Amino acid sequence: MSPSSFHALALFSGGLDSVLAARLVLAQGRRVTGLHFVSPFFGKPQLLPAWQEMYGLDLVPVDVSDAYVRLLLDGPAHGYGKNLNPCVDCKILMLARARQLLAEYGAQCIVSGEVLGQRPMSQRRDALDIISREAGVRDLLVRPLCAQKLAPTPVEEAGILDRARLRDFWGRGRSGQLTLARELGITSIPTPAGGCLLAEKESVRRYWPVLRRVPAPSPVDFHIANAGRQFWNGQHWLAIGRNREANERLEALAGPQDLVFTLRDMPGPLGLGRQWPGLRWTAETVRTAAAAVLSFSSKVKELRKEAAVVVCGAGHQETVIAMPQPPESIGWLDPSFAVFLEEKRALCKTAGQVLDDFG
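For the sequence shown, the residue numbers in the UniProt record's numbering are 1 to 359.
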């Protein structure tokens with residue numbers, strides 16, 4: 001294939017490194033398609049049109065939700081980072097998926113924005129080698145930002161990409177990237193920030209009970225965990241909206257067997273109770289859940305009296321009269337990060353995995 005018709009696939013997160021890696025290849029006259037991976041834990045597909053216009057790149061969303069949930073359920077082969085982030089296995093999953101898409105897009109190589117030494121878990125030299133080998137992309141992958149710090153790849157040796165025009169960035173500093181951005185005419189610089197919710201304490205404490213208590217969790221369960229307040233009463237799970245947007249989101253995510261709690265006579269939050277085979281809600285569980293939902297209605301708390309909650313789901317509708325009560329006072333507990341950390345350590349020890357204390 002001639003250089004003028006060459007096409008590359010680039011892993012595109014929306015962060016500066018991914019932008020620069022794709023644009024370096026584009027600057028060599030190669031056509032680039034950016035793959036933006038999406039799951040309940042990362043991805044902003046709604047920003048793709050703006051990014052395309054901003055950076056002059058063709059971008060497509062790639063949903064890996066099912067595969068990613070399976071990765072978390074099976075346990076990452078290369079362990080977790082500081083929280084629940086399986087960084088090495090994550091990159092292997094993405095690169096393997098990119099390899100599968102090569103023929104569909106007529107591409108001959110894959111581009112990634114990794115920088116040697118930038119991240120202590122997934123961007124060490126040995127980790128980069130493991131990632132490329134286990135993803136099956138050793139002969140296909142180029143890391144343009146640190147290429148000159150690594151051995152030449154078959155893609156460079158074949159002249160598909162000009163190695164001399166690639167960079168030798170290393171470590172956590174960003175001065176080289178900022179200089180390169182100016183050279184490439186990139187004026188909108190993404191702020192450095194974590195894009196993966198699995199690395200954040202607030203999100204991880206929500207996800208852990210889903211992984212440990214929900215039978216066969218699906219991506220929908222993790223989308224629910226991202227919305228509103230989360231409470232658990234043993235195996236029973238209740239999500240309560242914080243605002244209208246969260247209420248609408250939870251209602252849209254409710255399955256046919258789930259219970260939806262709404263205030264009958266006044267405005268207030270919506271509650272979503274997850275139900276699955278073998279674990280149905282008792283009348284008492286429904287009543288306490290209704291009381292918990294009522295506790296987040298300012299109108300109900302002002303009145304200081306019982307209120308009506310309509311409970312719909314599983315082909316049934318009923319009205320429950322209850323007093324608002326703080327969830328923790330009636331057995332509905334907020335997931336704890338400390339519990340997650342303790343259980344994670346025990347699980348990793350049992351599996352013989354070394355814990356990485358990386359941020």
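For every residue, glycine included, the Cβ atom is placed at its ideal position computed from N, Cα and C. Since the model is a prediction, treat every value here as computed from it, not as a measurement.
Exercise. For Ser13, does the three-state DSSP call read helix, strand or coil?
Worked result: If DSSP states are grouped into helix, strand and coil, Ser13 belongs with coil.
Exercise. When DSSP labels each residue in this structure, what does Phe37 get in the three-state scheme?
Worked result: strand
For this session: Using only alpha-carbon positions, find the residue among Ala283, Ala291, Pro324 that is nearest to Lys301.
Result: Pro324
Exercise. Among residues of its own chain, excluding the 5 on either side of Pro3, which ones have a beta-carbon nearer than 6 Å to its beta-carbon?
Worked result: Any reading at Pro3 needs caution, since the residue's pLDDT is 41, under 50, leaving its predicted position unreliable; the model's value is listed next. Excluding sequence neighbours, Pro3 sits near nothing in its chain.
Problem set entry | Cα-Cα separation, Arg143 to Ser39 | 24 Å
Problem set entry | Nearest-angstrom Cα separation, counted from Ile160 out to Met1 | Confidence is the limiting factor: at Met1 the pLDDT is only 41, short of 50, which leaves the residue's position unreliable, though a coordinate-based value still follows. The straight-line gap from Cα to Cα measures roughly 9 Å.
Problem set entry | Those residues which DSSP pairs with Pro61 across a bridge | His36
Exercise. Is DSSP giving Cys87 helix, strand or coil here?
Worked result: helix
For this session: Determine the extent of the alpha helix (DSSP H) in which Val286 is found, giving its start and end residues.
Result: 283–294
Problem set entry | Where the beta strand (DSSP E) through His316 begins and ends | 316–322
For this session: Just the C-alpha distance for Arg138 and Pro154, rounded to the nearest angstrom, thanks.
Result: 8 Å
Exercise. When you compare each of Pro277, Ala289, Gly255, Val260 to Asn247 by their alpha carbons, which one comes out closest?
Worked result: Val260
Exercise. DSSP on Gly255, reduced to helix/strand/coil?
Worked result: coil
For this session: Kindly indicate which three-state DSSP category Arg206 falls into: helix, strand or coil?
Result: helix
Exercise. Cβ atoms of His236 and Ala107: under 8 Å apart, would you say?
Worked result: no
Exercise. Of all the options Ala338, Pro45, Glu53, which has the alpha carbon lying nearest to the alpha carbon of Ser188?
Worked result: Glu53
Problem set entry | Through-space distance from Leu72 to Ser112, alpha-carbon basis | 23 Å
For this session: Determine the direct distance from the alpha carbon of Asn226 to that of Ala127, and round the result to whole angstroms.
Result: 30 Å
Problem set entry | Pick from Gly171, Ala147, Phe37, Ile330 that is closest to Arg124, judged by C-alpha positions | For the residues Gly171, Ala147, Phe37, Ile330, the minimum Cα distance to Arg124 belongs to Gly171.
Problem set entry | With 16 other Cβ atoms within 10 Å as the buried cut-off, status of Lys91 | buried
Exercise. How many angstroms separate the CA atom of Ser175 from the CA atom of Glu104?
Worked result: 36 Å
Exercise. DSSP on residue 369, reduced to helix/strand/coil?
Worked result: The requested residue 369 is not part of the displayed model; the chain covers only 1 to 359.
For this session: Give the single residue among Ala216, Lys305, Gly313 whose Cα lies nearest to the Cα of Pro256.
Result: Gly313
Exercise. Does the Cβ of Ile321 have 16 or more other Cβ atoms within 10 Å, making it buried, or fewer, making it exposed?
Worked result: exposed
For this session: Given a cut-off of 8 Å, decide if Phe41 and Cys196 are closer than it, judged by their beta-carbon atoms.
Result: yes
Exercise. Start and end of the alpha helix (DSSP H) containing His78?
Worked result: Premise fails: His78 is in no alpha helix (DSSP H) and is neither H nor E.
Exercise. What is the DSSP secondary structure of Ser2, reduced to helix, strand or coil?
Worked result: Because Ser2 sits at a pLDDT of 43, beneath the cut-off of 50, its placement in the model cannot be relied upon, and the following sentence gives the value as read from the coordinates. The answer is coil: DSSP assigns Ser2 none of H, G, I, E or B.
Problem set entry | Three-way DSSP call (helix, strand, coil) for Lys349 in this model | helix
Exercise. Looking only at its own chain, which residues have a Cβ that is under 6 Å from the Cβ of Val19, when we skip the five neighbours before and after it?
Worked result: Tyr55
Exercise. Where do the ends of the beta strand (DSSP E) carrying Arg172 lie?
Worked result: It is not in any beta strand (DSSP E) - Arg172 carries neither H nor E in the DSSP assignment.
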